[in-house]
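J.: Throughout the sequence shown, residue numbering follows this note's numbering, covering 739 to 879 in sequence. Here a beta-carbon is modelled for each residue, glycine too, at the ideal position from N, C-alpha and C.
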Amino acid sequence: MRPQTRTADIWLLCCRISVGLMFLIGAVKKVTDLDWFRDEFVALGAPFPHLTAPVTAWIELVGGALLILGAFTRVAAAALAATMVGALWLSVIPAIGKNFHTFPDRVSNFFYAPEWLLLLILALLVSMGAGRASVDSRRHA
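1) In this structure, how does DSSP classify residue 808 when only helix, strand and coil are distinguished?
2) Using CA coordinates, which residue listed in 808, 832 and 857 is at the minimum distance from residue 751?
3) Is the beta carbon of residue 683 sitting closer than 7 Å to the one on residue 782?
4) Using beta-carbon positions only, say whether residue 890 and residue 810 come within less than 7 Å of one another.
5) Buried or exposed: where does residue 859 fall if 16 or more other Cβ atoms within 10 Å of its Cβ makes it buried?
6) Look up residue 777 in the DSSP assignment and say whether it is helix, strand or coil.
7) Using a beta-carbon distance below 7 Å, is residue 855 in contact with chain D?
8) Counting C-beta neighbours from all protein chains within 10 Å, is the total for residue 891 16 or more, i.e. buried, or is it exposed?
9) Reducing DSSP to helix, strand and coil, say where residue 771 ends up.
10) Can you round the beta-carbon distance between residue 769 and residue 815 to whole angstroms, since I take them to be within the 8 Å contact cut?
11) Would you call the CB atoms of residue 870 and residue 747 closer than 7 Å?
12) Are residue 825 and residue 799 close, meaning C-beta to C-beta below 7 Å?
13) Return the CA-CA distance between residue 779 and residue 855, expressed in angstroms with no decimal places.
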């Protein structure tokens, strides 16, 4: 194995486990208290909150677990990326527009948003896959 490949596999593993744990742990409260999570969606003005809140919670729970395992990584990362696009659209961008008045401040705060950074990592996982230390690599071997 080339050193570049080994290094890439280590970084993909670190990204998968870190992001997967973050989504999995965060989703537990959302799944176990769907009324609270739905109310959050209502407050944000999300479309169809009675549907989108539980779907989002379950995508985060199952997607997080799949990322940790490295199973169906591209599909899980794409689904989680869709939730980050929704979070950016419904929460981050309106808050930045309301709280920051100059263009440089708005742009800077957008790129510092955790949702944006997570979207970038998820896009990386969609494009590169899980790496060798994963269920996916065993399935395709």
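T.: Judging by the given coordinates:
1) Looking up residue 808 in the sequence shown gives position 70. In the structure shown, residue 808 sits in coil (DSSP, three-state: anything other than H, G, I, E or B).
2) As a position in the sequence shown, residue 751 is number 13, starting the count at 1. With distances taken between Cα atoms, residue 751 lies closest to 808.
3) Outside the displayed span of the chain (739 to 879) sits residue 683, for which this structure offers no information.
4) What is shown of the chain runs 739 to 879, which leaves residue 890 out entirely.
5) Residue numbering aside, residue 859 sits at position 121 when the sequence shown is read from its first letter. Residue 859 comes out buried.
6) Stepping through the sequence shown from its first residue, residue 777 is reached at position 39. Three-state DSSP puts residue 777 in a helix.
7) Absent from the structure is chain D; it holds one protein chain and no more.
8) For residue 891 there is no data in the structure shown, the boundaries of the chain being 739 and 879.
9) On the sequence shown, residue 771 is found 33 positions in, with the first residue counted as 1. Note: residue 771 maps to coil in three-state DSSP.
10) Taking the sequence shown and counting its residues from 1, one reaches residue 769 at position 31. Taking the sequence shown and counting its residues from 1, one reaches residue 815 at position 77. No, residue 769 and residue 815 are not in contact; Cβ-Cβ is about 20 Å, not under 8 Å.
11) Looking up residue 870 in the sequence shown gives position 132. Looking up residue 747 in the sequence shown gives position 9. Yes, they are a contact pair.
12) Locating residue 825 in the sequence shown gives position 87, where the first residue counts as 1. Locating residue 799 in the sequence shown gives position 61, where the first residue counts as 1. Against a cut-off of 7 Å, the Cβ pair of residue 799 and residue 825 comes out as no contact.
13) Looking up residue 779 in the sequence shown gives position 41. Looking up residue 855 in the sequence shown gives position 117. So the two alpha carbons sit approximately 22 Å from each other.
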